[in-house]
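**Q**
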Amino acid sequence: MVITLKWIYKVKLNELGGILKNKARLVAHGYRQEEGIDYEESFALVARLEAIRIFLAYAAQKNMVVYQMDVK
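Take a look at the structure:
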């Protein structure tokens, strides 16, 4: 069983009600696991280092801009 993901969006407002920051986070639906049935067979997909390197090499070859973000 693959653990499904969901994006959660939140808008942070300043004192006057104006938009200060847009925030987003990615959460896993871990509640779908059932111990003894599919508890040990669940996994979340993660990009392999080789795939990331191929993507960056292709982007560099095509003079594309790549943006990075940190996920905490």
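For the sequence shown, position 28 matches number 28 in the UniProt record's numbering, and the numbering has no gaps at all. Note that CB positions come from ideal geometry on N, CA and C, so glycine has one too.
(1) Looking at the structure shown, is Leu16 part of a helix, part of a strand, or coil, going by DSSP?
(2) Give the DSSP-derived three-state secondary structure of Arg25 in the structure shown.
(3) Measure the alpha-carbon distance for Glu50 versus Ala57 and round it to whole angstroms.
(4) If you run the structure through DSSP and keep just helix, strand and coil, what is Tyr58?
(5) Keeping to the same chain, check which residues put their C-beta closer than 6 Å to that of Arg25; ignore five residues upstream and five downstream.
(6) Give the straight-line distance between the Cα atoms of Arg53 and Lys21, rounded to the nearest whole angstrom.
(7) Compute the Euclidean distance between the alpha carbons of Phe55 and Lys62, then round it to the nearest angstrom.
**A** According to the structure shown:
(1) coil
(2) strand
(3) Going from the Cα of Glu50 to the Cα of Ala57 covers about 10 Å.
(4) helix
(5) Ile8
(6) 31 Å
(7) 11 Å
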